Structures are given as C-alpha cells and as structure tokens.
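Here this note's numbering is used: the first residue of the sequence shown is 4, the next is one more, and so on.
No residue lacks a Cβ here, since even glycine has one placed at the ideal position from N, Cα and C.
All values reported here derive from a predicted model rather than from experimental measurement.
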Amino acid sequence: MKSIAPCAYSFGVCVSFVLFSIGVFSAQAHDPGLSTATITVTDREIDLLIGFAQKDAESLLAATGKQVDIQSRERFAEARSQLESLATGEVELFLGDTRSAPLQATARRKDSQNIEILLRFERAGAQRLRLVSKLVERLRFGHREFVSVETPGREKIGEAMLFGRTNACQMDLPSVGRWKTSSTTGYSFVAFLILGIEHILTGYDHLLFLFGLLVVCRDLRSVITVISCFTLAHSITLALSTLNVVQLPAGIVEPLIAASIAYVGFENLLRGGTPEGRWLITFSFGLVHGLGFAGALKEFGIGSGPLGIFFPLVGFNLGVEIGQLSVAAVVLPILWQLRKNAGFARQWIPVCSVAVTLAGSYWMVERILQS
C-alpha cells in the first residue's frame with residue numbers, strides 16, 4: 004500500500020498538469036456575448052485590437068447583407084477586407100476633439116473560434132482618448148464589449164464596459180515621454196522583465212516542453228545541461244528575430260513548437276532514461292521556441308519606447324529565465340522525491356510521456372488547421 008500511494012499521487016499530478024494545459028489552451032474562446040477592445044498607447048502610436056467570437060463576426064457581416072461562413076481559411080480570406088472596412092467605419096477613435104483615421108487595419112484569426120482586428124493610429128501627442136464602438140449596437144441584445152487601455156508594459160490606464168447604446172468611453176492619457184527613465188533599470192526594463200515571467204508562466208506549450216525534458220532527468224547535471232541548452236538556443240533566436248535578422252511566420256513556428264513537445268514525449272518512450280544527445284535536441288527545439296517568444300515580445304511594443312530594443316529584449320529574456328527556473332525549482336524536487344519509488348520510474352514516467360506526446364500532437368494538428 005505504501006508503494007501505491009506515491010505512484011497514484013504522481014499520476015494525478017502529471018496527468019492533471021497535461022489535462023489542465025490542454026483545457027486552458029483550448030478554452031481561449033470569448034464568451035459569445037462578449038467582445039474586447041484592447042488599446043495600447045505609446046508615445047507615437049495607439050493600437051486598438053478588437054476581438055470577436057467568430058459567430059459575432061459572421062453576424063456583423065450578415066448585418067451588411069453578406070452571409071459568409073468564415074470557418075475555413077479561404078472563406079476568411081474573402082471576408083477579411085469586409086471586416087477591416089467594417090471596423091474602420093464603425094469604430095471611431097477621437098484624440099482630443101479630432102477623429103483619428105487609422106494608419107492601417109488588419110483582420111486576422113486568433114484561433115479556430117475567434118477573430119481579431121487591429122487598427123493602428125498616430126497619437127500626435129494627444130492627452131485624451133475617446134472611443135465610440137458602433138459595432139456593439141449591431142450585435143444581438145445584451146452583447147458587451149470590454150475596453151482596456153494600457154501601456155506597452157501592460158500598465159492599466161483605464162477600463163470600461165460598452166453595451167447597447169452605451170457605446171462610448173473617454174479616458175485621459177499619460178503625457179508623452181511617460182515611459183522615459185534616467186537609467187537602464189527604469190519602468191520599461193522592469194515591465195518587460197515582468198512580461199517575460201508572465202509569458203513563460205502562462206505559456207502552457209513551453210512549460211509542457213520543459214516538463215517533458217525534466218521528467219526523465221536523473222541528476223542535477225542533466226538538468227543544468229537541458230536548461231542551459233534551451234536557454235542559450237531560445238536567447239539566440241529571440242534576439243535575431245526581434246532584430247529582424249531571422250523571420251518565420253507564426254503559421255510555421257507555432258506548429259513546430261507543438262511538434263517539439265510531441266517529439267520529446269515520444270523520445271522519452273522510445274529511448275527511456277535520459278536519452279543520449281538530449282542536449283542537441285533541446286538546443287535545436289529551443290531555437291524554435293525562441294521564435295515563439297519573439298512573436299510575443301513584438302506584440303508588447305518592443306522598440307517603441309525610448310530604451311529601444313536592447314533593454315526590453317534583455318528584460319523580457321531575463322523574465323523568461325526567472326519564470327522557467329521557478330517552475331523547475333518547484334517541479335524537480337517533486338519528481339526526484341517520486342523517483343525514490345521504483346514504480347514511479349517504471350510506470351508513471353511512461354504515462355507522463357504519453358500524455359505529453361498526445362498534448363503536443365493535438366496542438367500541432369490544431370495549429371496546422373488554423374494556419
């Protein structure tokens with residue numbers, strides 16, 4: 004009975020971790036009655052990112068006389084320009100007392116169930132912002148739109164909820180130069196450091212990849228090797244991609260990240276123990292994960308602040324490492340304690356590896372279909 008309890012516990016911990024990862028990743032769809040408008044303010048630009056459930060986007064198109072099913076990639080490509088025109092005409096952004104015309108409008112898929120439309124505006128030193136979203140009135144009764152205004156470092160400026168005819172909100176903006184600091188340890192560096200930590204802690208695919216590597220590590224040396232190779236590799240491609248030296252579209256990078264998870268789980272099953280040459284696989288796939296980190300970093304407005312690229316890049320990467328090491332510090336003692344039971348290594352490590360393989364395969368297929 005004593006040997007069964009640790010095994011049952013380990014099985015519950017490992018399988019629950021994987022199922023939780025799949026569940027969270029798959030549950031990114033918005034409430035059908037809720038859309039979002041995230042406004043990111045910098046000294047030079049204002050980005051308005053509108054998020055809709057697919058069915059709501061189809062309802063908006065239907066209201067214009069266009070009955071379009073945008074589930075497939077081809078149908079969405081046909082409707083993209085209509086969505087962009089609709090957002091440009093029905094969403095009004097006033098800076099001061101003047102309505103601002105968007106510099107660009109881009110509609111894209113967020114995932115299989117959600118659509119995003121990005122509108123980018125020139126700030127021109129405005130100190131007050133007013134948003135009017137006529138799209139809310141076009142959707143069914145009770146639909147709400149959550150508005151969030153924030154800095155590139157996700158510092159909240161204000162929030163509002165729009166619904167029905169209450170379709171406008173107004174907020175004061177920070178002064179131009181709000182993010183300037185007199186040293187390299189100012190707000191921007193700290194903000195990107197925190198963003199790096201948040202990104203790895205909520206990056207369930209990256210965490211599962213790390214878990215798949217660590218679950219077969221028998222000693223501290225193998226752990227250090229694995230984490231060092233992963234860190235070095237993703238730091239290289241994070242820097243190169245952020246500097247626009249290396250570029251790959253998300254439609255390629257995201258399925259490759261999922262494939263790396265599936266491969267690591269499969270290799271654990273096929274070769275057992277700590278597979279020989281694991282450092283090379285870790286380094287190779289770490290390069291791919293670095294491209295994923297870079298995509299997230301660019302969404303946070305790197306290069307738009309006065310510190311340019313270097314300090315946000317260093318801060319974000321350092322944050323990723325802190326988050327990564329924090330997870331390892333929690334997971335490894337548990338795994339090593341469980342390894343003292345022979346049944347864990349013999350039975351439940353393979354079970355965990357199967358779960359990792361299945362999760363990675365699921366994400367890979369899903370991301371390929373979405374691209």
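Across the structure, Q327 and N344 are spaced so that their CA atoms are roughly 26 Å apart.
Within the model, the alpha-carbon separation for R141 versus L338 is close to 53 Å.
When DSSP states are grouped into helix, strand and coil, Q74 belongs to the coil group. For K159, the enclosing beta strand (DSSP E) begins and ends at K159 to F166.
For the pair T205 and G54, the Cα-to-Cα distance works out to about 20 Å. If one requires a minimum length of 4 residues, the alpha helix (DSSP H) runs lying completely within the region 244-277 are 253-274, in chain order. In the DSSP annotation of this structure, the continuous segment of the alpha helix (DSSP H) that includes D208 starts and ends at Y207 to L217. Restricting attention to V317, I160, F212 and R133, the CA atom closest to the CA of V94 is found in R133.
Taking each of F166, E125 and Q130 in turn and checking the Cα distance to R143, the smallest one comes out for F166. At least 8 Å separates the beta-carbon of C355 from that of V226. From the listed residues L223, T234 and G215, the smallest Cα separation to G268 is found for G215.
Per DSSP, F124 lies in no alpha helix (DSSP H) segment; the continuous beta strand (DSSP E) that holds it begins and ends at N117 to E125.
Nearest to L89 by alpha-carbon distance, out of D222, S75 and A65, is A65. Three or more beta-carbon pairs separated by less than 8 Å are not found between the region 78-88 and the region 146-164, which leaves the two stretches without contact. Under the three-state reduction of DSSP output, G54 falls in the strand class.
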